[in-house]
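Comments concern the structure below.
Protein chains: 2
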Amino acid sequence: MKLSKSTHYALHTMLHLTISHAEGHTSVSKLAGHQQVSTTYLSKILTKLVKAGLIVSVPGANGGYKLKANWQETTLLDVIQAVEGLPPIFDYCEDHNPSCIIQQSIQKAEKNFLEELGTMKIADLAEDARNVPHH
Amino acid sequence: MKLSKSTHYALHTMLHLTISHAEGHTSVSKLAGHQQVSTTYLSKILTKLVKAGLIVSVPGANGGYKLKANWQETTLLDVIQAVEGLPPIFDYCEDHNPSCIIQQSIQKAEKNFLEELGTMKIADLAEDARNVPHH
DNA sequence: CTATTATAGACTCACATTATCTCTAATAGG
DNA sequence: CCTATTAGAGATAATGTGAGTCTATAATAG
Ligand code: SF4
Ligand code: SF4
């Protein structure tokens with residue numbers, strides 16, 4: 000039950016794009032430079048964010064990535080689900096009892112967990128991140 | 000970010016042991032008979048529950064598994080952590096900023112998630128499960 | 001037209017989960 | 001003491017997924 004390394008790359012990148020969003024597009028090579036990850040691999044992850052509508056991309060010279068229009072609304076949940084997809088963490092009732100009390104209980108707790116992540120905006124975290132050395 | 004199939008086996012088994020806990024020990028072959036899982040593999044999972052102190056085992060004829068003394072207190076969290084271990088779902092700050100705001104936020108939400116699972120007692124779920132056909 | 005940049009596909013590699021088989025240890029009951 | 005029964009430990013294999021590379025293609029600015 001772990002979030003993938005790709006999700007970490009995506010979140011870190013979102014933080015960067017948010018902090019420097021006034022400076023226009025940023026290329027994947029610059030974004031990858033801040034982390035230990037290859038450009039081609041990070042590119043695949045960012046494409047997921049594009050398809051989820053969290054960022055926009057422009058090919059060609061001086062192109063790159065930038066945040067979508069109302070980027071202030073993007074939450075941790077948006078980014079995590081864009082990369083990880085939407086499968087529930089416990090879903091083993093296919094050919095069993097679909098009203099299994101165990102599954103119901105775990106998914107109820109998961110729902111609250113996701114809702115809490117849905118209240119955490121990247122923009123707010125980026126504001127806080129300005130005060131720590133690493134960013 | 001998924002709970003393993005082993006965790007499902009463990010939870011299902013705990014439900015069975017709780018429902019039939021008045022009948023003494025239950026062998027792993029009986030417990031495996033209720034699920035599509037081999038006896039040797041389920042045995043490995045149950046050994047984790049034994050080491051976590053959630054159930055007790057007795058080898059030899061008429062042996063098997065039964066719940067621990069105050070079995071009424073066992074929660075979903077106890078079982079999940081016994082099988083899955085205790086790693087946080089997001090932990091990518093080893094050589095980075097240990098006070099990373101993203102990590103802090105996700106782990107805060109995770110803490111609430113685990114605490115909620117810690118309030119869900121297997122005994123209560125077993126009581127509800129008596130009213131559904133599958134169990 | 002050319003350099004630059006994102007995107008897509010095929011592919012490999014590493015690792016954890018899942019699972020089986022076999023052997024050993026402990027226990028009940030005769 | 002003997003034997004059937006049962007849990008536990010170890011080695012090993014199969015499977016699947018995450019992580020990562022390489023190459024080719026498409027789009028854009030200048
Ligand atoms: S009822 Fe729930 S725990 Fe039991 S086998 Fe079905 S899905 Fe698993
Ligand atoms: S501060 Fe470190 S751990 Fe946090 S997102 Fe950035 S690179 Fe990852």
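For the protein sequence lines, the chains are W and V, in the order given.
Residue numbers for the first sequence, in numbering that gives the first Met the number 0: 0 to 134.
Residue numbers for the second sequence, in numbering that gives the first Met the number 0: 0 to 134.
A virtual CB, placed ideally from N, CA and C, is assigned to each residue, including glycine.
Given that residue i touches chain V, what residues does it touch there, using C-beta distances under 7 Å?
{"i": "Y40(W)", "result": "Near Y40(W) there are no residues of chain V at all, since even the closest Cβ is about 15 Å away, more than 7 Å."}
{"i": "E115(W)", "result": "A108, N111"}
Could you tell me if the beta carbon of residue i falls within a distance shorter than 7 Å of some heavy atom in ligand 1?
{"i": "L10(V)", "result": "yes"}
{"i": "Y64(V)", "result": "no"}
{"i": "C92(V)", "result": "no"}
{"i": "H7(V)", "result": "yes"}
{"i": "L53(V)", "result": "no"}
Can you tell me whether DSSP reads residue i as helix, strand or coil?
{"i": "T12(W)", "result": "helix"}
{"i": "S104(W)", "result": "helix"}
{"i": "T73(W)", "result": "coil"}
{"i": "V78(V)", "result": "helix"}
{"i": "I54(W)", "result": "strand"}
{"i": "L2(V)", "result": "coil"}
{"i": "T46(V)", "result": "helix"}
{"i": "T25(V)", "result": "strand"}
{"i": "I18(W)", "result": "helix"}
{"i": "L85(V)", "result": "coil"}
Find the residues of chain W that neighbour residue i, judging by a C-beta separation of less than 7 Å, and give them in chain order.
{"i": "L85(V)", "result": "None at all; the shortest Cβ gap to chain W is about 11 Å."}
{"i": "S104(V)", "result": "L75, M119, L124"}
{"i": "K1(V)", "result": "M0, P86, I88"}
Which stretch, first to last residue, makes up the beta strand (DSSP E) that contains residue i?
{"i": "S37(V)", "result": "Note, S37(V): premise wrong, no beta strand (DSSP E); not H, not E."}
{"i": "K65(W)", "result": "63–66"}
At a cut-off of 7 Å, is residue i close to ligand 2 when judged by its beta-carbon and the heavy atoms of the ligand?
{"i": "L75(V)", "result": "no"}
{"i": "L2(W)", "result": "no"}
{"i": "I101(V)", "result": "yes"}
{"i": "Q34(W)", "result": "yes"}
Which residue comes first and which comes last in the alpha helix (DSSP H) that contains residue i?
{"i": "L124(W)", "result": "121–128"}
Relative to the C-alpha of residue i, which candidate in the options has its C-alpha closest?
{"i": "S5(V)", "options": "L41(V), T17(V), I18(V)", "result": "L41(V)"}
{"i": "S98(V)", "options": "N130(W), K1(W), S37(W), Y8(W)", "result": "N130(W)"}
{"i": "E109(W)", "options": "P87(W), D77(W), K47(W)", "result": "P87(W)"}
{"i": "A125(W)", "options": "S3(W), K1(W), Y64(W), T73(W)", "result": "T73(W)"}
{"i": "L116(V)", "options": "I54(W), H20(W), Q102(W)", "result": "Q102(W)"}
List, in chain order, every chain V residue whose beta-carbon is nearer than 9 Å to that of residue i.
{"i": "D77(W)", "result": "Chain V residues near D77(W): none, gap ~13 Å exceeds 9 Å."}
{"i": "K50(W)", "result": "Those within 9 Å of K50(W) in chain V number zero; the least Cβ separation is about 19 Å."}
At 8 Å on the CB atoms, spell out the chain W contacts of residue i, in chain order.
{"i": "Y91(V)", "result": "K4, H7"}
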